[in-house]
Structure formats: C-alpha cells, structure tokens
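What follows is a single structure, written as structure tokens, with notes after it.
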Amino acid sequence: MPPAPQELIVRPLAGPQELGLFRQLTYVLDHELADDLESGRRLPGWMWVALRGDRVVARLAWWGRAGGPPLLLDFFDLDDTLPEPERGEVGLRLLETATAAVVPAGTERPEYGRFVPPDWREDAAVREVVEARMRVMERSGARLLVERLRLEWRAGTPVPADGGRLRFRPVEGREDLLALMTPVMEGTLDAHGQADLASGLSAREAAEKHYDEELAGYTTPREWWRVAELPDGEPVGFVIPARNAYNPIIAYIGVLPARRGHGYIDDILAEGTRVLAAQDGVERIRAATDLGNVPMARSFARLGYVNFERSFDMVWD
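Residue numbers (our numbering): 540 to 856.
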C-alpha cells in the first residue's frame, strides 16, 4: 500500500532567502526574480508555494511596479509529475488561498499572463502543460482574453532607411498623443482595447486609461515618441519606442483609421525601430501583437522581427 501523501502547506515566501525554494520549479522568467525582488517589482508576500514536505508542488507570483499594487499574475507553475486530478486540485488551492491573501476583497483581480513556445500546440507534452494551467484558471472563474505573438528584432537585422513618404516629429505632450490614440482605439484590433470599449468606456476614456496605466510609466525619454505626418502636416499615426525594466520595446503603435491600407504601418514601425536601434548597447527590441491582428503581425515580419514566443492573457470578469 503506497504511503499517504504528506500534508499540503500553502504559504508565501518568508523572504528573499527562500528564492532557491521558489526555483524548485522552473519558468522562462526565473532569471528576473532576484532583480525584481531587489527593485521592489516583486515582494516575498506576493510569491507563494504549495509544499509537501520540502518539495514544491506548485508556485505562483505577482508582479507590479515598485511601491504599487500587484498588477499581473505572471508565475503559475505546477509539478507536472503529479497525476490528475491531484495536480489541478493543488493548483486551485494555491491560487485561491494566495489570491485571498494578496488581492484585496472587492478589487479587480490582476490578469494572468503566461509565455509559451511559439509551436506549443504541435508538441503534445508542451500542450498538456499549458492547458493544465489554463484549466485551473478556468476553474477559478478566469477566461482567455487573447493569445499574442511575442516578437524580437535582433541587432544586425537591417532596418530600412527613412523613405521620405512620412515626416516624423516628437510627441508634444499627453494631449497631442491622446488626440491620435482616440480614433485609433475606435477601430482597434487589440483585445485589451476592445475589452475596454465593451466595458462601456468611450474611445477617449479607453485611450486615457492606456496612457495613464502604461505609457506614462515609462522613464525613457519622451523625445523618442514619434508622430507620423504626411508632408502637408496631416497626421497618419504614431509609435512609442521605450524601454521597460527588461528590454527596449515598441510599446504602442497605431495608424489612424482614415490612413489605413497604404502601408504606412511599415514606415512607422521602421522609425520606432531606428530610434531604439540607435541607442547604445541595444542587442534586441521586443514587441507583441495579438494573434488576430494579422496586418500588424505581417508588418513586424517584413521588418525582420522574429516570433520567438507566444503569450496568453486570462482575465476574471
């Protein structure tokens, strides 16, 4: 008769000294954990483990900006040697216990984001690992919002020279950019933007939310931000090159609805890429776009960006 399993203990980390314990399970972002803890983007109280004795059988962690609340649940790992339904039950208990302790009652739960290989559906073992985590999230009430392509430009990849079809100027302030973001939001193919509009926000309110919650937080020079115009000064679109805590990124890019269909997105993306590639020591530029945003994905491919990963965003309504 096999021995009874050890009691399951669910708890947060006692401090940074338990990072080795947390790393018993693995994920592609493990290398960022120590720096995140030191910088305050993660707190030990946001990093939870489910233990049987000294063995970690599940773990999760939230991420946020230093001094702020948790913004994203980005670690959720299960011991895939556990059989079902035990694996799912362990994961669900960890998720529900940690969430009750970390996320204040009555507040919106941070979305769950997961990076997966670009061909994850084609490998049965990888697919099962991905879907096991999604099943736990669905049991907790989450739903899939979007699958995204994660893209990367690598140093040495040619960047087209400015062809002169458009002229570029720096963004002149919050209102200058919001005046362009608002019409772009009206016809957006971005799932997060569509969700904001479906929630009842106007296009202007959705643009303000995106600006204030994401764009305003970048500390890299605003002089990098570009508005694209026709030679007569009529606006065409914009691009927001920036750097987050980890990489240079194309944070946001858009073409006004009236100017779509003329290939301007390639010119605008090339300008944003040139701005970042010209900075010292840039080895790669990261970007992402929704799987369903085919025109944007094709533009990234034409500029030499490689799809190196995919990601899932899941939300609780």
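Idealized CB from N, CA, C, for every residue including glycine.
query	result
Which two residues bound the contiguous alpha helix (DSSP H) that contains V723?	713-725
Identify the continuous alpha helix (DSSP H) that holds T812 and give its terminal residues.	803-816
Would you call the CB atoms of R765 and F777 closer than 8 Å?	yes
Any contact of the segment 610-630 with the segment 584-598, i.e. 3+ C-beta pairs under 8 Å?	yes
Between which two residues does the alpha helix (DSSP H) containing V629 stretch?	625-641
At what residue ranges does the segment 653-697 contain a whole run of the beta strand (DSSP E), taking only runs of 3 or more?	681-693
Flag this pair as yes or no: are the beta carbons of L498 and P649 separated by less than 8 Å?	Coverage of the chain is limited to positions 540 through 856, which leaves residue 498 absent and any answer about it impossible.
Would R708 and F847 be called neighbours here (beta carbons separated by less than 8 Å)?	no
Whole-angstrom Cβ separation of V698 and A809, contact assumed at under 8 Å?	6 Å
Y785: buried (16+ other C-beta within 10 angstroms of its C-beta) or exposed?	exposed
Which of the three DSSP states, helix, strand or coil, is assigned to E768?	strand
Which first and last residues belong to the alpha helix (DSSP H) in which R837 is found?	833-841
Grab me the residues of G726's own chain with a C-beta within less than 7 Å of its C-beta, minus the 5 sequence neighbours each way, in chain order.	P796
Quick check on E848: does DSSP put it in helix, strand or coil?	strand
Which term fits E623, buried or exposed, when burial requires 16 or more other beta carbons within 10 angstroms of its beta carbon?	exposed
T696: which of F839, E546, P551, F851 sits nearest, CA to CA?	F839
I'd like to confirm the pairing. Which residues does DSSP put opposite R550 in its beta bridges?	V588
Just confirm the distance between the C-beta atoms of R666 and R660, as a whole number of angstroms; I'd bet it's less than 8 Å.	6 Å
Which residues in the same chain have their Cβ closer than 7 Å to the Cβ of L621, if we skip the five residues on either side of it in sequence?	V596, V629
Pop quiz: D852 and V668 are said to be a contact at Cβ under 8 Å. What is the actual Cβ separation, rounded to whole angstroms?	Wrong, their Cβ atoms sit about 18 Å apart, outside the cutoff.
Do R706 and P770 come within 8 Å of each other at the CB atom, strictly closer than that value?	yes
Report the rounded CA-to-CA distance for D829 versus E744, giving the unit in angstroms.	21 Å
Give the DSSP bridge partners of E650, in chain order.	L611
Among L560, P780, F654, R713, which has the Cα closest to the Cα of E747?	R713
Among the residues of its own chain, which have a CB less than 6 Å from the CB of R653, if the five just before and after it don't count?	F851
In the structure shown, what three-state DSSP assignment does P780 receive?	strand
Rounding to the nearest angstrom, what Cα-Cα distance links G627 and L590 in this structure?	14 Å
In whole angstroms, what is the alpha-carbon distance linking S679 and L631?	7 Å
Answer yes or no: do R849 and P551 have a C-beta to C-beta separation smaller than 8 Å?	no
By the three-class DSSP mapping on this structure, what secondary structure does A790 have?	strand
State the DSSP-derived secondary structure class of D575, mapped to helix, strand or coil.	helix
Once DSSP output is grouped into helix, strand and coil, what is the label at L830?	coil
Are the beta-carbon atoms of A730 and L736 separated by less than 8 Å?	no
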